[in-house]
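Below is one structure; the comments refer to it alone.
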Amino acid sequence: MLELYHWEPTLDSGEPLICLQEKQLPFASRYVSLLRLEQHREEFLRLNPTGQVPVLVHDGRVISEAGLVMLYLEEAFPHRPLLPKSLAGQYQAHFWIKYVEERIAPYVTLLGWHGFTRGALPRERLEEARGGIGRLPRERRELWQKALDDTYSEEELALARESLAVATGRLERALERAPWLAGESYSLADIALLLAVRALRVVQPDLLSAEGAPRTLEWLARLEERPAVRETLALARVPAPERLFAPGPEPARWG
Amino acid sequence: MLEVYTWEPNANSGKPLLMLKEKGVAFTHHYIDMGKREQHSPAYLALNPGGTVPTVIHDGQVLTESSPALEYLDAALEGPELRPRDPYLRWRMRRWIRFLDHEYCPALAMFGGAGASERMPAQEAAEIERQVRDIPIPERRRVWRLILAKQVPQGELAESSRRIAAGLERFERALAEYPYLGGPEYSLADIVAFITVYAMPLTRPQEVNDRKTPRYMDWFRRCHARPGTRAAFALGRGWVGERVAATRKLLGV
Chain V
32 MLELYHWEPT LDSGEPLICL QEKQLPFASR YVSLLRLEQH REEFLRLNPT GQVPVLVHDG
92 RVISEAGLVM LYLEEAFPHR PLLPKSLAGQ YQAHFWIKYV EERIAPYVTL LGWHGFTRGA
152 LPRERLEEAR GGIGRLPRER RELWQKALDD TYSEEELALA RESLAVATGR LERALERAPW
212 LAGESYSLAD IALLLAVRAL RVVQPDLLSA EGAPRTLEWL ARLEERPAVR ETLALARVPA
272 PERLFAPGPE PARWG
Chain Y
5 MLEVYTWEPN ANSGKPLLML KEKGVAFTHH YIDMGKREQH SPAYLALNPG GTVPTVIHDG
65 QVLTESSPAL EYLDAALEGP ELRPRDPYLR WRMRRWIRFL DHEYCPALAM FGGAGASERM
125 PAQEAAEIER QVRDIPIPER RRVWRLILAK QVPQGELAES SRRIAAGLER FERALAEYPY
185 LGGPEYSLAD IVAFITVYAM PLTRPQEVND RKTPRYMDWF RRCHARPGTR AAFALGRGWV
245 GERVAATRKL LGV
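Note that the protein sequences, when read in sequence, are chains V and Y. Under this note's numbering, the first residue of the first sequence carries the number 32, and numbering increases by one thereafter. Under this note's numbering, the first residue of the second sequence carries the number 5, and numbering increases by one thereafter.
In structure tokens, the structure reads:
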């Protein structure tokens, strides 16, 4: 029995959702509304004390962290493989999954929350959020506190933008060398980056111009045509979920 | 053909050294002196444009991200397997590696950086900018700017100290469930942890000791006693050897 606790089909919940669709695995969907702060309720924190989705429960075992959930699904259900056969390709897939978590997701969620989501939330919701974060471990609590107060420094915002510019350059160069991120075949790396790039298109559209990132745009269009991707995106419960952000992984504190 | 471009058997730079010694695989160690900032030299950047250590080259395949590189090497090379086969235990191993790479080891590295910073000569701001200009990753550039300017923030150091202490409970809990971090067997999770924390009984005796962290101490003793560990530390040229010797003496290994 597979159960997936997830939010909208965006970073990070969309990663295992697409993976499950690609592998055609039946699963029980447990929707956790991040806008209603359901991830900070006690029942969810018993499952994952950091208050982060997605969480997979497989025969009672709890598997957390989007990229690692995808790798788990791949190894527990190896049919319809989503990793290349070659070790070089597998290394690339591991590399990109980590890259999204460390160098893209923290910044895209920071800029997205700061620029789009926070201002769109009703004041009562922000006040309500302050109550819930008291149940989080200190690191997550401080991350949320900063997000709710919107006290990002100019240096932090500039570093986020600069890092995303570096990341898009790196992605474009990788796609000049091969049609997919892990080489000749579609893989978990493309799934992870697809959702990151869809978020980036909202947050920093200038980084994805036809002149600056032609390969990335072509790759994105190719991915968005895949049936499993279309079906996953159609699971959205709110209009334009790609414009919604919740504070994500913590930006690296020391490089 | 296996070549490892790296610095001391310490933290990220030591990961492939410890791992390859555990596998018992022959390789060439090209010493990159981080004290002289050789990892930012044009020759090294041509090899690894990110300017980070280690870089591993296996039959022409260039590996620059150390934890994914360990998974690749474990699958590609002869020797004992260092990843559990069970998917759940493998997740557990990777969850530890993520925690170490993203949260725990950076907190420890900040103290290393602050120590190096104190030993730095005072320099003009323009000179510092000239030195960090060629560091390709923005987050790394920020770190080096803080080190060179002798401005590692005290508040961030205090937070790192808190996290290091809090992490001790996590080690102790995990080692109550299984003898090693990833499960019943020694795995890449232990390698990634140990090569960074190996001297903690020496450097943080108030927090890491037989009374407060008995399972963690037992794990230190088992890891220090491994032949692969000894062989990896023997590759050190500088201060690592002294720290290891003093830690072993304290542990009675």
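Ideal Cβ placement from N, Cα and C applies to all residues, glycine included.
Does DSSP classify Y:Val-257 as helix, strand or coil? Correct three-state label for Y:Val-257: coil.
Can you check whether the C-beta of Y:Tyr-108 is within less than 8 Å of a C-beta belonging to chain V? Chain V places no beta carbon closer than 8 Å to that of Y:Tyr-108, leaving this residue out of the contacts.
Alpha-carbon to alpha-carbon, V:Leu-65 and V:Asn-79: In a straight line, the C-alpha of V:Asn-79 is about 14 Å away from that of V:Leu-65.
Which stretch, first to last residue, makes up the beta strand (DSSP E) that contains V:Ser-64? Here V:Ser-64 belongs to no beta strand (DSSP E), and DSSP marks it neither H nor E.
Residues of chain V with a CB under 8 Å from the CB of Y:Ala-80: which are they? Chain V residues near Y:Ala-80: Leu-118.
For Y:Glu-75 and chain V, any beta-carbon pair shorter than 8 Å? Answer yes: the Cβ-Cβ gap between Y:Glu-75 and chain V drops below 8 Å somewhere.
What in chain V is Cβ-close to Y:Ile-141, meaning under 9 Å? Arg-134, Ser-194, Val-197, Gly-286, listed in chain order.
By DSSP, does Y:Glu-42 sit in helix, in strand, or in coil? DSSP places Y:Glu-42 in helix when its eight states are reduced to three.
Using the C-alpha atoms, what's the distance from V:Leu-251 back to V:Ala-241? For V:Ala-241 and V:Leu-251, the gap between their C-alpha atoms comes out near 12 Å.
Go ahead and label Y:Trp-243 buried or exposed: buried means 16 or more other beta carbons lie within 10 angstroms of its beta carbon, across all protein chains shown. So Y:Trp-243 ends up on the exposed side.
Using a Cβ-Cβ cut-off of 8 Å (strictly less than) and excluding sequence neighbours within five positions of Y:Glu-42, which residues of its own chain qualify? Ile-36, Tyr-48, listed in sequence order.
Check whether the Cβ atoms of Y:Leu-185 and Y:Trp-100 lie closer than 8 Å to each other. Yes.
Using a Cβ-Cβ cut-off of 8 Å (strictly less than) and excluding sequence neighbours within five positions of V:Glu-69, which residues of its own chain qualify? Cβ within range, chain order: Val-63, Phe-75.
Of all the CB atoms in chain Y, is at least one closer than 8 Å to the CB of V:Ile-164? Chain Y, which has no Cβ nearer than 8 Å to the Cβ of V:Ile-164, makes this no.
Are the C-beta atoms of Y:Arg-99 and some chain V residue less than 8 Å apart? With a threshold of 8 Å between beta carbons, Y:Arg-99 makes contact with chain V.
So which residues of chain Y does V:Phe-126 contact, with C-beta pairs closer than 7 Å? Against V:Phe-126, the close residues of chain Y are Glu-69, Pro-72, in the order they occur along the chain (beta-carbon pairs closer than 7 Å).
I'd like to know if Y:Tyr-202 contacts chain B, where contact means its C-beta is closer than 8 Å to some C-beta of that chain. Any reference to chain B falls outside this structure, whose protein chains are V and Y.
Where do the N-terminal and C-terminal ends of the alpha helix (DSSP H) with V:Leu-224 fall, by residue? Unbroken alpha helix (DSSP H) run through V:Leu-224: 219-234.
Could you tell me whether any Cβ in chain V is nearer than 8 Å to the Cβ of Y:Arg-146? Output row for Y:Arg-146: interface = yes.
Bridge-paired residues (DSSP) for Y:Leu-22: DSSP lists no partner for Y:Leu-22.
Going by DSSP, name the residue or residues bridged to V:Gln-52. DSSP lists no partner for V:Gln-52.
Is it buried or exposed for Y:Met-114, if we count other Cβ within 10 angstroms and need 16 for buried? By the beta-carbon neighbour count (other beta carbons within 10 angstroms, threshold 16), Y:Met-114 is buried.
Could you name the residues of chain Y that V:Gln-121 contacts, counting a contact when the two beta carbons are closer than 9 Å? Chain Y residues near V:Gln-121: Pro-72, Glu-75, Tyr-76, Ala-79.
Is it true that the CB of V:Glu-106 sits closer than 8 Å to the CB of Y:Arg-94? In this structure, V:Glu-106 lies closer than 8 Å to Y:Arg-94 by Cβ.
9 Å Cβ cut-off: residues of chain V touching Y:Gly-117: Within chain V, Trp-285, Gly-286 have C-beta atoms less than 9 Å from the C-beta of Y:Gly-117, given in sequence order.
Please report the straight-line C-alpha distance between Y:Pro-110 and Y:Gln-135, rounded to a whole angstrom. Cα to Cα, the separation comes out at about 22 Å.
Select from Y:Thr-56, Y:Glu-189, Y:Leu-254, Y:Ala-250 the residue whose C-alpha is nearest the C-alpha of Y:Arg-144. Of the listed residues, the one whose Cα sits closest to Y:Arg-144 is Y:Thr-56.
For the beta strand (DSSP E) containing Y:Gln-65, name the first residue and the last one. Taken as a continuous stretch (DSSP letters only), the beta strand (DSSP E) holding Y:Gln-65 covers 65-67.
When you compare the CB of Y:Pro-91 with every CB in chain V, is at least one pair closer than 8 Å? By the rule that beta-carbons nearer than 8 Å mark a contact, Y:Pro-91 touches chain V.
In three-state terms, what does DSSP make of V:His-71? In this structure, V:His-71 counts as helix in the three-state DSSP scheme.
Just to confirm my understanding: we take V:Val-93, look at its own chain, exclude 5 residues before and 5 after, and list those with CB closer than 8 Å. What are they? For V:Val-93, where only same-chain residues beyond five positions count, the Cβ hits under 8 Å are Leu-78, Asn-79, Val-86, Leu-87.
Following the continuous alpha helix (DSSP H) through Y:Ile-168, name the residue where it begins and the one where it ends. Looking at the DSSP string, the run of the alpha helix (DSSP H) that includes Y:Ile-168 is 158-181.
Residue from V:Leu-190, V:Gly-200, V:Arg-253, V:Gly-146 whose Cα sits closest to the Cα of V:Asp-221: Each of V:Leu-190, V:Gly-200, V:Arg-253, V:Gly-146 was checked against the Cα of V:Asp-221, and the nearest Cα belongs to V:Arg-253.
Can you tell me which of Y:Lys-40, Y:Arg-89, Y:Leu-104, Y:Ala-80 puts its alpha carbon nearest to the alpha carbon of Y:Ala-197? With distances taken between Cα atoms, Y:Ala-197 lies closest to Y:Leu-104.
Report buried or exposed for V:Ser-184, applying the criterion of at least 16 other Cβ atoms within 10 angstroms of its Cβ. By the 16-neighbour rule on beta-carbons within 10 angstroms, V:Ser-184 is exposed.
Could you check if V:Gly-45 is buried or exposed, using at least 16 other CB atoms within 10 Å of its CB as the buried criterion? Burial state of V:Gly-45 is buried, judged by a 10 Å Cβ sphere holding 16 or more other Cβ atoms.
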